[in-house]
Each structure stands twice: as structure tokens, then as C-alpha cells.
Amino acid sequence: MKTLNKKTWQYEKHGIDGEVELFGVNIFDYKWENTNTVAILDPKYNNEYHFNVYKVIIDGKEYEFAAGEVSNNVWCFYLPKE
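The opening residue of the sequence shown carries number 7 in our numbering; numbering runs sequentially from there.
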């Protein structure tokens with residue numbers, strides 16, 4: 007986990023481009039707005055990545071997540087830990 011502006015980011019899931027369900031929907035079907043960048047540690051290999059932090063509106067509700075492409079068409083997603 008990594009802290010950014012008092013937020014702690016926790017690994018949520020990884021998946022193939024266009025096929026990841028996040029917040030109950032295919033996250034690739036929505037427009038992502040880039041809001042920041044955070045350094046993230048890979049949960050398996052402990053490599054450091056710099057992922058963008060995004061916000062997305064789903065059914066009128068705003069969600070935030072960090073995401074990055076860690077391999078060709080493979081994405082890793084982190085959510086802020088409450």
C-alpha cells in the first residue's frame with residue numbers, strides 16, 4: 007500500500023485491457039479523468055510503478071482508483087483504502 011495526500015492505496019485486481027470489472031461495471035466502458043500520480047508497489051513482485059489516479063462517474067456517483075498498464079494489455083488497479 008502507498009499513501010498519497012493521506013490516502014492509502016490497496017491492490018484491488020488486475021486484468022486484460024477492456025475486460026476488467028470495477029465498481030460493478032466494465033471500467034473500460036467509462037471515461038477516466040486523470041487527477042494525479044502515485045507510486046505503487048506491485049503486490050507480487052514488489053516492483054515500484056508510477057500509476058495515474060483517475061476519477062470516473064458511474065450512475066451519477068464519483069469513484070477514484072489508481073491504474074497502470076504493467077504488461078502489454080495487462081492493467082493493475084488500486085483503490086483508496088477507507
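Just so it is clear, CB atoms sit at the ideal spot from N, CA and C, and this is done for glycine as well. Here the structure is a predicted model, which is why all the values come from computation and not from measurement.
Asked, Found
"Residue 51 classed as buried or exposed, judged by whether at least 16 other C-beta atoms fall within 10 angstroms", "exposed"
"Residue 41 - partner residues in DSSP beta bridges", "Per DSSP, none; premise fails for residue 41."
"Straight-line gap, residue 21 to residue 84 (C-alpha atoms, nearest Å)", "12 angstroms"
"Beta-ladder partner(s) of residue 69, from DSSP", "62"
"Residue 44 burial status per 10 Å Cβ neighbour count (16 or more: buried)", "buried"
"Option in 18, 13, 36 and 15 with minimal Cα separation from residue 24", "36"
"Extent of the continuous beta strand (DSSP E) run through residue 19", "13–22"
"Proximity of residue 70 and residue 55 at Cβ, strictly below 9 angstroms", "no"
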